[in-house]
Every structure is written in structure tokens, then in C-alpha cells.
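Below is one structure; the comments refer to it alone.
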Amino acid sequence: MAGHSKWANIKHKKAVTDAKRGKVFTRLIREITVAARMGGADPNMNPRLRLAAEKARDVNMSKDNIENAIKRGAGALDGANYEEVRYEGYGIAGAAVMVDCLTDNRTRTVADVRHAFTKHGGNLGTDGSVGFMFKHCGQFIFAPGTSEDKVMEAALEAGAEDVLTNEDGSVEVICAFGDFSAVKQGLEKAGLKPELAEVTMKPLSETVIGGDDAARMQKLLDALEALDDVQDVYTTAMIDE
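Counting along the sequence shown from 1, when you hit position 213 you're at 212 in numbering that gives the first Met the number 0, and nothing is skipped either side.
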């Protein structure tokens, strides 16, 4: 058994994502553009681009929007020149927070991120201050009640590193980030549909936060997620509802 309140935290993250569908499209278009610029326009030769395009199709983004984003990244169409930047800091009760952004104006972005941290009781740290607390990996989470045996058989056969059952009954699959697509296909082939499937920065340990501190921490995370240039927010905080 592992984890604490995992399912509640996942449900909140999904609710926030669903409520900001327009921003999801913007984030994915930026990711596709940057992936194509850095690794080429052929998804078969560019794993990052292939994953971003799969995510876009999963949320019903049109083929034209995907192709245009790839063309912008490859230089065939004009568009903003986005760069990747990561900010690290601390939230409530010392929980680590890592913020990945794609921006065309670093000065604006760092000011926005610093303001969100300061306003909601956190502190922006230096590069590398919390990055060592996370592992870059693929993660799949299944709803409580899903057969752990079925998930384990399909996941391990497809190349996953580990399968965990959390305290709330949810089942979690972890794999190397390079094996994400293979594991995803293996789970789908077995008829298993995860509630969450992503390449992420998974915390190596978690800080459980409850009461008023939990509410303050959630406000900080929501404020960071709402920023236009933010792609992903990762934290060691586990909100105890």
C-alpha cells in the first residue's frame, strides 16, 4: 500500500483541467510547437512530439490545429518563439513546488510566478532547490475498485517499472518516461482505461497537508496553474481532505 488521499487529489486535478479546457488547448499547442522545433516534425522520430500529439487527440483537438502547430515549430509557419523554463520553490509546510513554463517573455513569466508564490504564502527558490525531490517518469492512475492483478499483469508485460495500490484503493502504474507509449498501448490492449495517464515529475516522497494549510496550499497551486505561461505544476504536497 502507498500514498494518501491520492484519488481525491487526482479528481481535483482533473476537475481543474476540465474547467480550463481552452487553456488545455493552448498548452498543448505550445508543447507541440516546441517539441517539433527541438526534435523535428516527424512524430515517429520524435517521442516528445508523438506524446503531445496523442494528448491533443485525446481532448479532441482538430487535426488542422495539430498540424499547424507542428508546422510552426518546424518553421513552415510564423508564430511566437517559445522557450522552456522551470521555476522551483516551496509552498505551505515546506512542500516542494516545481513549475514548468513555455514562454516568449521570461521577465513577465518569472514576475507572475514569483507573485503567485508570494501572495499565497510560498517562496520562489533557486534552480535545483527542489528538483532532486522528483522523478521524471510515466504515471497511470486507475479508479478505486480496478483489479490490481489485471493492471499488474498488463503493465509489467508492457514494460512498467512498478504497480502500487494506494490507501484509497486507486491503482498506480509507474514506468520510465521513454516507455510511456508502450505501456499505454499495453494497458489499452488489455481493455484498461486509466483516469490519468501522463509523463510527469513524480515526488519521491510526499508532504501530507490538512486543515487551513491544505486550503492555502491548494490556492497556491491553483494560482500557479491559472498563469498563461504555465504548462505543468508539480508538488510534493498531498492535500488531506
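Backbone N, C-alpha and C fix where the C-beta goes; we use that ideal spot for every residue, glycine too.
### Query
For the putative contact between Gly-121 and Ala-154, defined by C-beta atoms under 8 Å, what is the C-beta separation to the nearest angstrom?
No, Gly-121 and Ala-154 are not in contact; Cβ-Cβ is about 35 Å, not under 8 Å.
### Task
Label Ala-110 either buried or exposed according to how many other C-beta atoms from any shown protein chain fall within 10 Å of its C-beta, with 16 as the threshold for buried.
exposed
### Task
Pick out the complete beta strand (DSSP E) segments inside the segment 58-145, 3 residues or longer, and give them in chain order.
82-89, 95-102 and 133-141
### Task
Return helix, strand or coil for Thr-25, following the three-state DSSP convention.
helix
### Message
Please classify Phe-139 as buried or exposed, where buried requires at least 16 neighbouring CB atoms within 10 angstroms.
### Response
buried
### Task
For the alpha helix (DSSP H) holding Lys-149, just list the boundary residues, first then last.
147-157
### Task
Going by CA-CA distance only, name the one from Asp-57, Phe-116 and Arg-107 that's closest to Val-96.
Phe-116
### Per-residue burial, Val-58 [other beta carbons within 10 Å of its own, 16 or more giving buried]
exposed
### Query
Does the distance from the CB of Ala-35 to the CB of Ile-91 come in under 8 Å?
no
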